[in-house]
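Shown next, in structure tokens, is the structure this report addresses.
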Amino acid sequence: MVLPGDGLIQLTPEGLYCPAAKAWIDPWRPVSRALITHGHADHARPGSGAYWAVAAGEGVLRQRLGAGIDLKGVDYGEERRIGEALVSFHPAGHVLGSAQIRISAGGETWLISGDYKRDADPSCAPFEPVAADVLITEATFGLPIYRWRPGRQVAAEILAWWRAATQHPSLLFAYAFGKAQRLLAELAALGVEEEVLLHGAVQALMAPYRRAGVVLPPTRPLSELPRGESLAGRLVIAPPSAHRSAWMKRFNAPQTAFVSGWMAVRGARRRRGFERGFALSDHADWDGLLRTVRDSGARQVYVTHGNSDGLARFLREEQGLAAEPLGRAFEGQRSEEGDVEVEGAMPPGRPIESV
Amino acid sequence: MQAFADLIQQLERAAGTRARVAALANHLEVVGPADGAWALALLLGKRRRRLITGRRLREICLERSGLPEWLFASCHAQVGDSAETIALLLPQLALPPAPPLELPLAEWMESRLPALAALEAEAQADAVLAIWAALPEGQCFLFNKLLTGGFRVGVAAGLVTRALAAVSGLEEAELAHRLMGGFDPSPEAMQALLAPVEDGAAAPISRPYPFCLASPLEAERLAATDPAGWQVEWKWDGIRAQLIRRGGQTFLWSRGEELINASFPELEGMAKGLPAGTVLDGELTVWPAEASQPAGFGPLQRRLGRQKPGAALLRKCPAAFVAYDLLEQGGRDLRPEPLSQRRAALETLVRRLPAAASTPAAGLLRLSPVLPLGCWDDLEALRQQARLVGAEGLMLKALDSAYGVGRRRGLWWKHKLEPMELDAVLLYAQAGSGRRANLYTDYTFGLWDGDGRLVTFAKAYSGLDDSEINELDRWIRRHTTERFGPVRAVEPLQVFTLGFEGLQRSSRHRSGLAVRFPRILRWRRDRTPESADNLSNAQALLEDPGAQRSAGQR
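Take a look at the structure:
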């Protein structure tokens, strides 16, 4: 399925394109003007001429795409004219500085959801429903088996898991940008005041979060700890790519856990080889996806990423909405670049489109 | 049931065997004999009765949730397990809150679950829904599993016997023996299982001994020993079995501890000629009396599947028990004796049997021949002959070894033939289940026919490592040409070397060939699909198994 060739948003080899604004949204290749929903590597790619994004996400973007990029920071809800289109960014609740992008021109409004979640997250602005005529939504977790428990509750379980291991280090694997900081913020909210140790990849993202005023426990890069200092009873957060890498030699008999939405399924937990899996995601669960479609009031829905066929079919057949998958062009986009910090990039857990 | 649910979770999360054994032992000590007996039966897989079909349970779930069938199928493809899929979907059912239900495992297994199974239609659905509403979160999955008979936990039997040994102070081997031939999950059985040796009740006459298992040959270890210390035999391509004659009764047990007397009436007849208190270890084969070698695995499979074989099948596929060890004689346990003595006793026993049973003419009981081996250099030549006699390799057993329990590395070696090989093209893929749920891991491969078309030839599930599986999974998703339900057809571009143990003609397969135990040996990224093998290469292997090397190297 492709978007109609004369629509406000079209699908080009570079990705979603708005002719009225002469701008691409989260383009896959370098373009002249890119509107960026958030800083994860499968959405923000280097090499474009000009970038537009939420001001709150500027720090992360400059760090990842280069300090010297041409980047215009926009506040949430602020409407800007780009070419012949009106463009605004709205909180998506995914990670710090993440946005849904609303574009209007010629009397029509489209909303591109980017990645989003509806659950509370103390590390970023909460999702705000936005009305639109046409909605392009993600469906990474587009199956009714995915239903998230509150982040606070999962964090409390993680805390109990950590506290129980007084004689061993606790190694928690979480995506370096977003999930790690969300966990730290949740731990702070649970009263954790002691220092948490970080892998370098996680450490790199801490400054933008602290600048944004997110309440976090004290943290320190593991590399700054004197060699030989005991790690028993300490919590260490690292990206999943560090699991079973040489980096782990530093630890003596650690307990390990992985925090990800995919961990809701037993098979995925067993396959990944972590002792514990905590199901916590920064994407919308099934109910969150349906609610967002409802809230948008859109007359037409297009679905990208993950179970796009299935969610579109459900909206069409069970809810009587005009809905189509944008399918193949987006499938594989995440795995191709192989960035493990992105939740959708984990090939073993990626949902198939349909059956 | 909460304690059992917690145990399952602990076993899943435990980092090493020691932690697992400790969790098991602790559970058995805490829960008492009734629940302990059930925990044991379930963990050992000795109780897998299906009370309600997975389909029925899904029906109840879907009816209440209003979710369409196809969406359930998508969920199932992601999860790889019906019981778990349903458990994950329960929040979608919006069940009214109910007071929590906590009952002992034994009560669930003995009365609650069977009672549910006995209910009909609506009443059954209502009862299941009421239980789902009342069970704590972690127990719904377990409940679904027990109800549909699909309960399996990744705990090796060895760990369970270690835990039992820790609890009882008995030897693991003794416990393994006591557990053979079925375990009735009752408090009495549990007490009998853990009773001290001296006041142990008489064992049931049907009870088999734990099988002694061989390890794949480690040539260096063997070369350091004296060849004269080994007994060399063919490794037969049948199924391992134990034939017991005690108290005027016969028991034929498979390796999987199933009693298979009914499928092999001719062997029951033969066993009547054995002296009382005899236990033979050997290989079950189909081997016509006049034939010089067994008929292969295909005919044996036909016999295994049949509870009451008809006269025609008995004539066409006659069974034979190929004996290679004597475990009990005159009611005495011979296992502690060295193999050399057991073998001598076995040969004497077979020689003294009534002629009808022992001679090749009747062919029902055969003695697995001991093969001559002068020096280690002769071993390879001997192995190469295996295919000619219908065997799949060699067995090497230390002559001074006792008959051990389970796999004891170094006393029994198996030295299998190299598999036959063909290069085939990947045509279809399907997602696996369990650990491989939502990963495309079940592959179908094709060979070229005479008209330049690829014909499906074999399915294989194993042989790639995790990173190759992940890579191939991504490739499959991006090169799908068509979907048939859960199956994806892919562009015919990837070539794999398949290994297999044998070929047989088959009218049921499009290629006209059935493949025995196919698996992936190598991903041939160096090969183009055009260079894969064709059906005539496979035919050549069928006619001359020795023609192997030429096929893969055209």
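Residue numbers (the working numbering), protein chains in the order written: chain A, 2 to 356; chain B, 3 to 556.
We put the beta carbon where it would ideally sit given N, CA and C, even for glycine.
- Among the residues of chain B, those whose CB is under 8 angstroms from the CB of residue 146 of chain A are 77, 80, 81, 87, 90 and 91, following chain order.
- When rounded, the separation of the alpha-carbon atoms in residue 83 of chain A and residue 171 of chain A is 49 angstroms.
- Within the same chain, Cβ atoms closer than 8 angstroms to the Cβ of residue 23 of chain B are found at 161, 164, 165 and 168, the five residues on either side in sequence being excluded.
- Nearest Cα to residue 202 of chain A within the set A/244, A/191 and A/109: A/244.
- At a cut-off of 7 angstroms between beta-carbon atoms, residue 11 of chain B makes no contact with chain A.
- In this structure, the straight-line span from the alpha carbon of residue 406 of chain B to that of residue 215 of chain B is close to 8 angstroms.
- Three or more Cβ pairs closer than 8 angstroms define a contact, and the region 241-253 of chain B meets that threshold against the region 281-298 of chain B.
- Taking a beta-carbon distance threshold of 7 angstroms, residue 439 of chain B counts as an interface residue toward chain A.
- In the DSSP assignment, residue 299 of chain B falls within the alpha helix (DSSP H) that extends over 299-306.
- In the three-state reduction of the DSSP assignment, residue 134 of chain A falls in the coil class, being assigned neither a helical nor a strand state.
- The beta-bridge partner set that DSSP reports for residue 214 of chain B consists of B/408.
- Within the region 214-228 of chain B, no residue places its CB atom closer than 9 angstroms to a CB of chain A.
- Among the residues of chain B, those whose CB is under 8 angstroms from the CB of residue 265 of chain A are 90, following chain order.
- In this structure residue 98 of chain A is in contact with residue 61 of chain A, their Cβ atoms being roughly 6 angstroms apart against a cut-off of 8 angstroms.
- Put simply, the region 138-150 of chain B touches the region 4-20 of chain B. At least three CB pairs are less than 8 angstroms apart.
- Cα atoms of residue 101 of chain B and residue 130 of chain B: separation of roughly 15 angstroms, rounded to the nearest angstrom.
- For residue 308 of chain A, the chain B residues whose Cβ falls inside 9 angstroms of its Cβ are 76 and 80, in order along the chain.
- Interface criterion not met: the Cβ of residue 273 of chain A is under 7 angstroms from no Cβ in chain B.
- Rounded to the nearest whole angstrom, the C-alpha separation of residue 145 of chain B and residue 110 of chain B is 9 angstroms.
- Distance from the CA of residue 254 of chain A to the CA of residue 155 of chain B, rounded to the nearest whole angstrom, comes to 25 angstroms.
- Counting the other Cβ atoms within 10 Å of the Cβ of residue 391 of chain B gives fewer than 16, which makes it exposed.
- Counting along the chain, the unbroken alpha helix (DSSP H) around residue 29 of chain B starts and ends at 19-45.
- Sequence-distant partners of residue 466 of chain B (beyond 5 residues in either direction) whose C-beta falls short of 6 angstroms from its own C-beta, in its chain, are 522.
- For residue 486 of chain B, the secondary structure class from DSSP, reduced to helix, strand or coil, is strand.
- Within the region 93-112 of chain B, contact with chain A at the beta-carbon level (separation under 9 angstroms) is assigned to 93 and 94.
- For residue 80 of chain B and residue 299 of chain B, the gap between their C-alpha atoms comes out near 35 angstroms.
- The region 139-182 of chain A is shown to contain whole alpha helix (DSSP H) runs of 4 or more residues at 152-165, in chain order.
- Against residue 256 of chain A, the close residues of chain B are 17, in the order they occur along the chain (beta-carbon pairs closer than 8 angstroms).
- At a C-beta separation below 8 angstroms, residue 277 of chain A has these neighbours in chain B: 15.
- Taking 8 angstroms as the upper bound for CB-CB distance, residue 133 of chain A and residue 297 of chain A are in contact here, some 5 angstroms apart.
- Judged by beta-carbon spacing, residue 76 of chain B lies within the 7 angstroms limit of residue 311 of chain A, meaning their Cβ atoms are closer than that value.
- Contact of residue 311 of chain A with chain B is assigned, a C-beta pair being separated by under 7 angstroms.
- C-alpha of residue 169 of chain A to C-alpha of residue 162 of chain A: approximately 11 angstroms in a straight line.
- In this structure, the alpha-carbon of residue 124 of chain A lies about 47 angstroms from that of residue 462 of chain B.
- Listed along chain B is no residue with a C-beta nearer than 8 angstroms to that of residue 158 of chain A; the closest approach is about 12 angstroms.
- A Cβ-Cβ separation of about 7 angstroms places residue 232 of chain B in contact with residue 399 of chain B under the 8 angstroms criterion.
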